[in-house]
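These protein sequences, in sequence, are chains U and R.
Under this note's numbering, the first residue of the first sequence carries the number 1, and numbering increases by one thereafter.
Under this note's numbering, the first residue of the second sequence carries the number 1001, and numbering increases by one thereafter.
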Amino acid sequence: MVIAQLVVNGVLLGGVLALSALGFNIIFGVMRVVNLAHGDFVVLSAVFCAVVFAQTNLNPLILLPLTGGAGFVLGALVHRYLLHRLPGEIASAEASSLTLTFGLSFLLAGAGLALFGGNYRSVPFLTGAYQLDGLSFPQARLLAFVAALALAVVLGLFLRFTAIGRAIRATSQNVEGALACGIDTDRVRTISFALGTAVATASGTLMSFIYNLNPQMGVLFTINAFAIVVIGGLGSYTGAVIGAIILGLAQSFSSYFAGATLSEAAPYILFILISLLLPSGLLGRRTA
Amino acid sequence: MRRILIIAIPIVAFLAVAPNRLNGYYLNLLYITVLYVGLAYGWNIISGYAGYFSFGQIAFFGIGAYATGLIVVNLQWHWILAALAGGLIACALSVPMGYVMLRLRGPFFAMGMFGLAQTSRVVITAIPATGGGSGLFLPPGSDLRSIYYWTLAVTLGAIALTMWIDRSAFGLRLQALREDEQVAGTLGIDVTLEKIYAFALSALIPGLLGGGYIWFLTYIEPDAAFSPRLDLQSVVMAILGGVGTVWGPLVGGVLMTQIAEALWARFPQIYLMIFGGLLVALLIVLPRGIVPALTSRIRRSV
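Okay, here's the thing in structure tokens:
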């Protein structure tokens, strides 16, 4: 029974992690940029929602359009005024975008600390749980899971059927080909970075239901998203969802079987193991 | 070479006699400056010359610090011997770690190293002998002057090592594998071995510095020994000065420590934010760093 409950917890967690990883994946797929500030966008949004909830008791789901929209604008600005201007001279273009997002991560974490303080916060609503066959489904996790899946489906449909979505996929498959078809790849990159950031902040709003967070914990979500995308294969969207469920299960089991102290290292160890053992992911290509 | 000596000898002589002249605050600042310059040189070997950007070399600073502390507390060695042993232990541990981690590349290596540093922190916290999260207090055994001389010796050693690497065949092999690892391999370079050498040197330097740092703090705790802030700072310093150059970490380290100390004293709450922002701005405004920008300007004007 314990095992079944751990599976339930892992899958519910995986759903939310999947949404966050999809944002990371869009940015990597289109731009080949590993966004080390990803988790800081997630956590900033979560802490913001918790602060608003504490002040006004406002259901954070109502804030989703706001956090997602703010993420979109911020992401567009970051790409247009920072990433886009990188001359790419230190060691390689990859190293300079990596270092830039590393700096951005500290910038965002520090800004969060200055704005909201270092306290751990969450949105304490829906504290009950549904019981089914002796398994418990915490309402908050269930809601976050359903909302995350709904957003992931909307995102999938957007990428599949809209003109911008097609342009994004074309650019991530073949930049020269996309250019030859008349796609403004610079604009697509800005939109992709904005979209990826919007997905990160939206997932942060959902994370605020289930995690106790402070502004300095962003790196955990970066490493989770990175690990998920590596499991699934960089650039593969189905792979990211599968990877998220696997990582959710791994975390739920490791926090049960390893002690509280050691399980703190679980995301890092999982990341290293996954990068070493699954260099091209379960389904997908790796072109880093 | 002669020109370098003409500049270097008075500076080293000044640094050697400085502790007799300076009062506490300035000696502190001088110590911190020399420490950061040393850390930046350590990072520069694996990340600058070999091109493997690491966001976790601080792991070896922490390991060196803890090894030194444990040796002193349990075996009552003299602190300099303990610090030397701490650095060697960090270097020895880096060989198997490097063998595994250097299979990763680019962002995987950078983030993997970050994870390795955090994992080391968690593991050390979980070992009872280290005092866990509350840390390890040291018996009195050193003073700021001796710590300063130790750190100065390590940092000067790191600079000499970098000067040697820059001119040696070893350095050329590292630069070859930085530019294209596969081509370097086909030219007969044993890339795995060369990377591990560079990684071990990049671990030895912070390991030795960590052994001195705990005497500066008089105790050691996991968050101070494995601080991501120190990692961020050494990366920023090397990039400001010029990645993969001999003098970049020195110029960047000296300048940035003064800025960092002024900021830390005045704006501790938004310190990380400013430093992160500074890194972002540097990459856009001065991506190659001060030293390459200056030397190319001088060459052009000659």
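C-beta atoms are modelled at their ideal positions from N, C-alpha and C, and glycine is treated no differently.
Could you spell out where the beta strand (DSSP E) holding P136/U opens and where it closes? Sequence inspection shows Ser at residue 136/U; the Pro mentioned does not correspond to that position. Residues L135 to P138.
Can you tell me whether I1071/R is buried or exposed, with buried defined as 16 or more other CB within 10 angstroms of its CB? That one is buried.
Rounded to whole angstroms, what is the Cα-Cα separation between I1011/R and L1022/R? The straight-line gap from Cα to Cα measures roughly 15 Å.
Can you determine whether any heavy atom of the ligand GDP sits closer than 6 Å to the C-beta of R1288/R, and answer yes or no? The ligand GDP is absent from the structure shown, which contains no ligands of any kind.
Determine the direct distance from the alpha carbon of D1166/R to that of V2/U, and round the result to whole angstroms. Whole-angstrom Cα-Cα distance: 59 Å.
Determine the burial state of H79/U: buried for a count of at least 16 other Cβ atoms within 10 Å of its Cβ, exposed for fewer. By the 10 Å Cβ count, H79/U comes out buried.
Quick check: A140/U and I210/U, are their CB atoms within less than 7 Å of each other? Yes, the Cβ-Cβ distance between A140/U and I210/U is below 7 Å.
Between F271/U and I231/U, what straight-line distance do the alpha-carbon atoms span, to the nearest angstrom? Going by the C-alpha atoms only, they are around 9 Å apart.
State whether the stretch 46 to 64 of chain U contacts the stretch 176 to 186 of chain U, with contact taken as three or more CB pairs (one from each stretch) at a distance under 8 Å. Taking a contact to require three or more Cβ pairs closer than 8 Å, the stretch 46 to 64 of chain U and the stretch 176 to 186 of chain U do not qualify as touching.
Following the continuous alpha helix (DSSP H) through A198/U, name the residue where it begins and the one where it ends. Looking at the DSSP string, the run of the alpha helix (DSSP H) that includes A198/U is T185 to I210.
Can you tell which of T1033/R, A1092/R, G1132/R and L1030/R has its C-alpha closest to the C-alpha of L1204/R? When only C-alpha atoms are compared, the closest one is A1092/R.
Does DSSP put Q1269/R in a helix, a strand or coil? Q1269/R: coil per DSSP, three-state reduction.
So what does DSSP say about F1170/R, is it helix, strand or coil? F1170/R sits in a helix when the DSSP states are folded into three classes.
Taking one C-beta from the stretch 97 to 108 of chain U and one from the stretch 20 to 38 of chain U each time, how about it: are there three or more such pairs within less than 8 Å? Contact holds: three or more Cβ-Cβ distances are below 8 Å.
Residues near T287/U by beta carbon distance below 6 Å, same chain, minus five either side: Because the pLDDT of T287/U is 45, which lies under 50, any placement of that residue in the model is unreliable, and the question is left without a value.
For I27/U, collect the residues of the same chain with a Cβ closer than 7 Å to its Cβ; drop the 5 residues on either side in sequence, then sort them by chain order. Excluding sequence neighbours, I27/U sits near V33, N35, S192, F193 and G196.
Is the stretch 1028 to 1036 of chain R touching the stretch 1166 to 1176 of chain R, taking contact as three or more C-beta pairs under 8 Å? The answer is no - the stretch 1166 to 1176 of chain R does not touch the stretch 1028 to 1036 of chain R, with fewer than three Cβ pairs under 8 Å.
How big is the Cα-Cα spacing for T56/U and C49/U? When rounded, the distance between both Cα atoms is 10 Å.
Cβ of Y1066/R within 7 Å of Cβ of T1130/R? Pairing Y1066/R with T1130/R gives a Cβ-Cβ distance under 7 Å.
Run through chain U and tell me which residues come within less than 7 Å of A1110/R, C-beta to C-beta. The contacting residues are L98.
Short CB-CB distance (under 7 Å) between T85/U and chain R: For the sequence presented, residue 85/U should be read as Arg rather than Thr. By this cut-off, R85/U is an interface position.
If you run the structure through DSSP and keep just helix, strand and coil, what is R121/U? In the three-state DSSP reduction, R121/U falls in the strand class (E or B).
Taking A1158/R as the reference, which of V1254/R, G1289/R and V1037/R has the closest Cα? It is V1037/R whose Cα lies nearest to the Cα of A1158/R.
Spell out whether any CB of chain U is found under 7 Å from the CB atom of V1034/R. No, V1034/R does not count as interfacial toward chain U.
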